[in-house]
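In what follows, a single structure is set out as structure tokens and then discussed.
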Amino acid sequence: MMAKNLPYILIALGVAAIIAVLSLFDLYDNFEHNLLDMRFKSRGLIETRDDIATADVDVRALQTEGKWDPWSREKHIPMVNLAAEHGLDAFIFDMYFIEDSERKLEYKVLNNIEDSAMYVDDFKNLFPDPDNDLAKASARAGNIIYAQSFKPQPKKKEPVKKRTAVMDRRLALLKEKGYFRTVDREDYSSLFDFYDIETAIDSLIIKSAGVYFFQSDPDPDGLQRKYPLVGLYEDRLFPAASLAIALRHYGISFDDVEIIPGKYLRFDLPEPDEHGRTEISIPINMKGQMQVNWAGNWEDKETGEFDLMHYPYNVLKTFQQREYPNYVMAEYKKIANKQHEGDIKAALKPVVAAMPDDKKQIISTAKKLLPMSMAEKWIQRNPKGTAKDFKKLPPFMFNELKNNNNIANAFVEKDQANLDQLLLDGSIIYESGMENYQFSSFKQLQSDMVAAINKADDKARKKKLKKAQAKLAIIERNFQIISNLNKNDMIDEQRPLYFSPVNKRLIAGKEDKGNARLIVPFEFVGKKLYYGLTATGTSDLNPMPFDPRYPMVGLHANALNTILDDKIIYEVSKSWVTAIILGLGLTLAFGVPALSPAMGGLATVLLVAGYTWLSFWLFANEYVWLDMVGPLTTMAIGYLGITVYNYIQEEKNKQFLKESFGTYVSPELIDQMYESGEEPSLGGEEGYHTAFFTDIQSFS
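Position 177 of the sequence shown, counting from 1, maps to 177 under the UniProt record's numbering, and the rest follow consecutively.
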């Protein structure tokens, strides 16, 4: 039996051995990467964390602020102020500030000078100082991360470039801040390696919450699939930006991270995270790279869905400027509720002391909060009371405050509230102004309101409907604000539940694409925003599995999501792949010859289809990357080899029978001899037989 199967074993295992060697030396990686891309696309968009997003310098930003040359640094200060005022966990610059800005004085400033005899120091102060202004804003925020640039070693290693005195000074600052660790270079020599450094200017290093690298390392075909978690410069080991943000998220020092190139990067967690993990272990290759579990395309062309939330620069800048009163109000409420048991009057002086530059706005805020605080306490004691019963506030203000408390109660009781249901059951006080209107949904009400306003001929009616529309917008805005508060467990901290109104809705996304998001206070609490170029035609666009022109600021956001959301991709090891390939070779060697050609072909097709399905399923559901090229090639070539061998053997056997017996027996009999599968033999057989003879003339 073994002798009979020996040729099949040699063929199948020979093919398997060759493929296994190719696998071990990564010689078919380009093909495997293409199949990996197919798995990403087949899986489609996955859900991502809502605390990771991007801040985009998009086409609109370049149109309004001017072309990227790069921008003067004062244009970034509104973003830093946003990070300071609205509770961000981190605001991460994916752009470089490695040279000091030139201080330029515009001619129009000189025209405004009335004093013809100025001191030199006063004249110098007229020059803007964007670097110092940005550094001061960063210090105020306390959560700003800046980028530094390294030059990766090419295949032919370069000597480390001699540093300037400036870079030596900055490197000393990085060491003082603990932004890298010193290691034995020999232990990490295979890691992503650099021969030159260009880090951020001194003032930004000093005032920032971190300075990390953003270099990526594409695969040989140019696609971005991997993310270098660490980089080596001389004997200094630097964390990549997203690893540093992940460590910051968990409160872990980079010194406590264990790194074994080719195996894993791991660190213990101080307490179990939301996924129940007590440690995080990330598989890495010899260069210290992990696979990025890309969430999807930047924006799906069909559905309009984003992979992560993307906030345009203009939206963020407008929000920061427009919501300044709500920032002051939120800080006032926090101090009042946490330190003074909700006493607005008692909190006034402490708030002014904490925010001396905002004194005027604080006093204005106190005047608004005092009556609202009294009214809210009355509403809590009298849940069925009306504005008429209270008498101390205009009905529209009382009703707004009561609506907000009812919305908050719905969230507190059920942890989730539905605006449609609240309007339907009367929990929200609202009059549409449309006669006999039957409410179905909030969106439909908005649409019907617009239609009614457009149809109204009477000015008084149109004015009435527009007032109702404005109140509806306030309800929508306040509902979203309270939803944000509930998500961050801040409802009690922000009482009374009154919020400064704005004149116009602010949205990110587009209404017609269905991805519009209303941007209101507390939207950014706890968020990590990566800030970078996304405009078409700019330099930071590169190919990835879903898109040939993807903004690379999203690479870092996807890498962070991969780590924090437990979506780490585990590549099946080369040893297991080798075992699978050899196992499939043995299956072919013993299975295919035992079946008919048709059944053998069908079995191989089913095996290929089953393995393909398993590979796609494991990737989509378990984030397991199972090698496809090696096993599928083994099955295809192995089956083909066995089939060709069988065909050649059949032809040789037929030819032997024809040459041996063709002169003695008919071709039909030769075919029967071959199909019987028995070896031909000479000499006959001995035995007892009975013969009948009939109709033989003169036999008797």
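Even glycine gets a Cβ: it sits at the ideal position worked out from N, Cα and C. If you're wondering where the values come from, they're calculated on a predicted model, not measured in any experiment.
Run the CB neighbour count on F590, radius 10 Å, all protein chains shown included, and call it buried at 16 or more, exposed below.
exposed
Please name the residue, chosen from F180, P220 and Q148, that lies closest to D196 on a Cα-to-Cα basis.
Q148
Considering Cα atoms alone, identify which of V57, L419 and Y647 is closest to V315.
V57
Let me make sure I understand the geometry here. Which of L465, K466 and F306 has the alpha-carbon closest to that of K513?
F306
I648 burial status per 10 Å Cβ neighbour count (16 or more: buried)
exposed
If you drop the 5 nearest sequence neighbours on each side, which residues of the same chain put their C-beta closer than 8 Å to that of Q224?
S216, P218, V292, N542, P543, M544, Y550, M552 and L555
Residues in its own chain within less than 7 Å of T634 by CB, not counting five upstream and five downstream?
V15, A16, I19, I581, L584 and G585
Helix, strand or coil for F398, going by three-state DSSP, please let me know.
helix
Three-way DSSP call (helix, strand, coil) for P283 in this model
strand
Span of the alpha helix (DSSP H), counted from its first residue to its last, around A147
Premise fails: A147 lies in the beta strand (DSSP E), I144 to P152, not in any alpha helix (DSSP H).
Among A620, V572 and A598, which has the Cα closest to the Cα of L626?
V572
Assign P270 to buried or exposed, taking buried as 16 or more other Cβ atoms, counted over all protein chains shown, within 10 Å of its Cβ.
exposed
Are there 16 or more other CB atoms within 10 angstroms of the CB of W576, so buried, or fewer, so exposed?
exposed
What are the residues that DSSP puts in a beta bridge with H310?
T54
At the level of alpha carbons, what is the spacing between L173 and A55?
28 Å
Pick helix, strand or coil for F479, following the three-state DSSP scheme.
helix
For P228, three-class secondary structure by DSSP
strand
Cβ atoms of I519 and L533: under 8 Å apart, would you say?
no
DSSP beta-bridge partners of Q291:
K226
For the beta strand (DSSP E) containing G210, name the first residue and the last one.
G210 to F213
According to DSSP, simplified to helix, strand and coil, what is R266?
strand
Return helix, strand or coil for Y250, following the three-state DSSP convention.
helix
I think M290 touches K226, with their Cβ atoms under 8 Å apart; what is that distance to the nearest whole Å?
7 Å
Element boundaries [beta strand (DSSP E), containing Y96]:
A90 to Y96
Using 8 Å as the threshold, is the C-beta distance between F238 and L247 below it?
no
Any contact between the stretch 149–169 and the stretch 196–209? By contact I mean 3 or more CB pairs, one from each, below 8 Å.
yes
Reduced DSSP secondary structure (H/G/I, E/B, other) of K182:
Here the sequence assigns Thr to residue 182, which means Lys is not the residue at that position. Three-state result, T182: strand.
Mind checking which residues open and close the alpha helix (DSSP H) that includes D420?
L419 to L424
Put A508 into one of helix, strand or coil per three-state DSSP.
strand
What first and last residue would you give for the alpha helix (DSSP H) that runs through M329?
Y324 to Q339
Could you check whether L497 and L472 sit closer than 8 Å to each other, using their CB atoms as the reference points?
no
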